[in-house]
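Numbering (the numbering used here), first residue to last: 38 to 807.
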């Protein structure tokens, strides 16, 4: 016969048992539902391994019980509580179906029929079993008088055995052995042995309780329980916990740690000895002691002072990033001379994908220090930094202490990744918790709430990474040495791709050197037309995509080599995704090219202004932010203040409207650096004077026409160069920034510093011929 099958974990149901149990697995729920739709009959069989989530025929015992489902209750969290009555034993022949529920083909096992001719033997077995059960029931607090009386009235041996088995403590393996045994006589022997054994255990327990009661006052209940447990341990010879305490004391004697730490550990070991009868408390204390013993109190990694090795590693792993490399080599040089050298706290700030996290890993390799990384993105609970106090359930050390434990030494390189994305809420100020960590004057005695003793972080080399400094509080920023990592130039991306990304992706995709070659022009085109980023993450993905398609091409067509060029690149990556706004071909009125900085590098903005009859309104479109709108109004005020110089009628701004628009209206724009650009475009529109098409500009404007400095100059100049701009106007106060730029960026650009709007207009406006 075929029946829906339910695999039970940790329980066995025998014929005659009335049991309720909970099920949560989808297949088991559907099997019970199927049984309820039919004749309420289900086959219950026990799993061999409790951890198997989707058991099959090999994962369950061969013998189970055919049972009737009496009641099904729906519980919270998609759980069913099922009440069943065991009816007959059955053998599992095969599992005929596994989805949506298990269906088993079973054969009913016929019970052994007692020989009615041997009535005296059966009667003796019945009475003997009742006597043994009565002796057990008298001593067991779980067997009530009513239950004992009801069982003693049973006159059928098989039924009596079923009722006794249901009411004495047995684990599922013992019950399974009863279920699998077909012989009534053998089952009787097993049950008789179990009853006698349980009665002896109850007798021993009573003797132990009597001994304890003789020693202590009857009102000291807690002391009684402890003494009882102590006597049980003496009887069993179980002194594992005592041995653990002795091992802890030996470890403390060998531990190289401050005196304060050793005293704290000795105190906790004493508490551990006293709490042995309380498993919950002793478990908490044990975890704390083990954590303290694993902390690297005075264990330090050997400091490397090989400056040549460090320089070689840094050059091998990263192209560019000269400022970071120089700072690390300076630190190494100082430590080589002083034999100490204070560990710097560096903060690498730059756009995503510029190598901030990977340079930290390379620093650890160059300095031969263990490397640990802590991701701070989204951390909002102060306890994640300082740890939880031991009084809380599930308390653990904070991330800093856990990282030190993981490093195994007190002087690792610790990366605090995405420090600008830490948030603060009602659970505490996470930034304030980091102040103590990153303050070289305080972190020698950093106190983790879980450890409860000072932890020395003064020898840790901290490296933090961030995409922006705007969200980092000033007090925290002051404690770090900020190194800005700017966007990569196209030439730098070309070098990085050839020296690092292409070899890495070839190895990752199983290609040998020579099987795939990518031309320089193709790499340049990937950087320019298939990615738009400050770093090289997207570029690495695109190179990986080429490698995968090349690998498939080699296998399918049998080619030995694949060469990717500028011409066949669309075959591997599809059509170009990005195009740069190129410089206008002709000089126009009211159109000026501005420069902008974004999180993925620089870009150009075309600012358009139209003047039309109206009532003096200023219309601003293109998703402009508040700062940008204020810059536009400042520009209007400046133009009105110099209107007589450009022969603009006094009532012009009362009779005309100005419409300022910046294309790509779906993209929000903000910032003051387009001030001089908007002012130039407005003056061009008002006066009807054309603006040079090959010129771009950036700078903040004041009411008096002064040009103020801006940020992101490197990215803006790169954007201008990519757009084919020949001349760029920049604030005069940014001249010092130009000196720091490489020739690769400035080559081919005429960069003109300006301090006043008069200079801007002189360069930008096309003078009308007389």
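Note that CB positions come from ideal geometry on N, CA and C, so glycine has one too. Small disclaimer: the values here were computed from a predicted structure and weren't measured.
- Annotated three-state conformation of residue 75 is coil, per DSSP.
- Remark: C-beta atoms of residue 454 and residue 412 approach each other more closely than 7 Å.
- Contact between residue 626 and residue 721 holds: their C-beta atoms lie close to 5 Å from each other, under 8 Å.
- Of all C-beta pairs linking the region 68-80 to the region 102-116, three or more are shorter than 8 Å, placing the two stretches in contact.
- For residue 119, the enclosing beta strand (DSSP E) starts and ends at 116-134.
- Apart from sequence neighbours up to five positions away, the residues of its chain that approach residue 225 with a beta-carbon distance below 8 Å are 162, 166, 194, 198, ordered along the chain.
- Residue 561 carries a helical assignment under DSSP once its states are collapsed to helix, strand and coil.
- In the three-state scheme derived from DSSP, where H, G and I count as helix and E and B as strand, residue 408 is classed as strand.
- Taking 8 Å as the upper bound for CB-CB distance, residue 803 and residue 682 are not in contact here, some 17 Å apart.
- In this structure, residue 755 keeps its C-beta atom at 7 Å or more from the C-beta atom of residue 631.
- A distance below 7 Å between beta-carbons, with the five flanking residues on each side excluded, links residue 286 to the following residues of its chain, in chain order: 306.
- By the CB criterion at 7 Å, residue 572 and residue 389 fall inside the cutoff.
- In this structure, the alpha-carbon of residue 112 lies about 9 Å from that of residue 59.
- Just so you know, the alpha carbons of residue 770 and residue 428 end up roughly 58 Å apart.
- Judged by their CB atoms, residue 64 and residue 138 are nearer to each other than the 7 Å cut-off.
- Within 10 angstroms of the beta-carbon of residue 356 lie 16 or more other beta-carbons, which makes it buried.
- Excluding five sequence positions before and after residue 607, the CB atoms of its chain that fall closer than 8 Å to its own CB belong to 613, given in chain order.
- Here the C-alpha atom of residue 741 lies approximately 32 Å from the C-alpha atom of residue 511.
- When DSSP reads this structure, residue 802 sits in a beta bridge with 728.
- Beta-bridge annotation (DSSP): residue 694 is paired with 649.
- Between residue 44 and residue 121, the C-beta gap is not smaller than 7 Å, which leaves the two residues out of contact.
- 744 is the residue among 685, 373, 744, 684 whose C-alpha sits nearest the C-alpha of residue 713.
- Taken through DSSP and simplified to helix, strand or coil, residue 454 comes out as strand.
- Around the CB of residue 317, fewer than 16 other CB atoms lie within 10 Å, so the residue is classed as exposed.
- Secondary-structure assignment with DSSP links residue 601 through a beta bridge to 555.
- Listed in chain order, the non-local C-beta contacts of residue 624 below 7 Å within the same chain comprise 727, 728, 729, 730, 803, local neighbours out to five positions each way being set aside.
- When DSSP reads this structure, residue 797 sits in no beta bridge, so it has no partner.
- Residue 302 and residue 476 have their C-alpha atoms some 28 Å from each other.
- Shortest Cα-Cα distance from residue 558 to any of 534, 311, 206 involves 534.
- In terms of Cα proximity to residue 800, the closest of 776, 764, 777 is 764.
- Secondary structure at residue 521: strand, using DSSP grouped into helix, strand and coil.
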